[in-house]
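Trainee: So the sequence shown is residues 80 to 260, counted in our numbering.
Beta carbons: idealized from backbone N, C-alpha and C, even for Gly.
Structure in structure tokens, see below.
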Amino acid sequence: MIYPIVIYGSQTLRQKCEPIAPDYPGLQQLVEDMFLTLREAEGVGLAAPQIGKNIRLFVVDCTPWGEDNPELAGYKRAFINAEIYACSEETGLFNEGCLSLPGLHEDVRRPLAIRMRYLDEHLVEHDEAFEGLPARVIQHEYDHIEGTVFTDRLSPLRRNLLRGKLLNLTKGKYSCSYKTR
Ligand code: ZN
Numbered sequence: 080m081i082y083p084i085v086i087y088g089s090q091t092l093r094q095k096c097e098p099i100a101p102d103y104p105g106l107q108q109l110v111e112d113m114f115l116t117l118r119e120a121e122g123v124g125l126a127a128p129q130i131g132k133n134i135r136l137f138v139v140d141c142t143p144w145g146e147d148n149p150e151l152a153g154y155k156r157a158f159i160n161a162e163i164y165a166c167s168e169e170t171g172l173f174n175e176g177c178l179s180l181p182g183l184h185e186d187v188r189r190p191l192a193i194r195m196r197y198l199d200e201h202l203v204e205h206d207e208a209f210e211g212l213p214a215r216v217i218q219h220e221y222d223h224i225e226g227t228v229f230t231d232r233l234s235p236l237r238r239n240l241l242r243g244k245l246l247n248l249t250k251g252k253y254s255c256s257y258k259t260r
């Protein structure tokens, strides 16, 4: 099924998410549904709180970038109980958007590379390094399971300039092509 996406202003986006037990009911189906929801919304990443679930799960699908970046064609991954435990000192800016904040796009500074432990959708453990666009998307989604959204990472001045737009989101004044809640 395709889930409606939770919009900025909901407390659901502000909670630190709980680890997922191996016997979590319907986990495979949930992962599949999140990929479906993500594709329908034409995004590259989706975290469980964005569909109203307070669990440490997010999915990344870089397919929309595959045309310009052949190495990303078919890059489709699920991350369960992820823990980022190392970040590069080197940082960079990248223009981010978020399905939960339709219409907002801002340059966000983040580390260029990370190391992370996680389980994949088959509950196999991984300890892996990420860089480039995947590292960017993963950090954005990881923020979601920690209760953070990308505008939290902007300077106070920049955030202040966006105050009106953020307020409109909380009031339901926005437009987008996918189902929201
Ligand atoms: Zn997001």
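Could you check which residue in L198, V216, L246, P143 has the C-alpha nearest to that of R188?
Mentor: Taking only the C-alpha atoms, the option nearest R188 is V216.
Trainee: Look up G124 in the DSSP assignment and say whether it is helix, strand or coil.
Mentor: Correct three-state label for G124: strand.
Trainee: Hey, out of E119, E225, D112, L180, whose CA is closest to P143's CA?
Mentor: Selected option, being the one with the closest Cα: E119.
Trainee: Could you compute how far the alpha carbon of N239 sits from the alpha carbon of F173?
Mentor: Approximately 20 Å between the Cα atoms of the pair.
Trainee: Quick one: what does DSSP say V228 is sitting in, helix, strand or coil?
Mentor: Looking at V228 - three-state DSSP - the assignment turns out to be coil, as it is neither helix nor strand.
Trainee: Taking just the CA atoms, how far does E150 sit from I99?
Mentor: Spanning the two alpha carbons is a distance of roughly 30 Å.
Trainee: List, from N- to C-terminal side, the beta strand (DSSP E) runs of 3 residues or more that fit wholly inside the region 167-237.
Mentor: The qualifying runs are 170-175, 185-190, 192-198, 204-210.
Trainee: Starting from L112, trace the alpha helix (DSSP H) in both directions and tell me its first and last residue.
Mentor: What sits at residue 112 in the sequence shown is Asp, not Leu. Taken as a continuous stretch (DSSP letters only), the alpha helix (DSSP H) holding D112 covers 106-119.
Trainee: Let me confirm a value: G211 is counted as buried when at least 16 other C-beta atoms fall within 10 Å, else exposed. Which label applies?
Mentor: Exposed, because fewer than 16 other Cβ atoms sit within 10 Å of the Cβ of G211.
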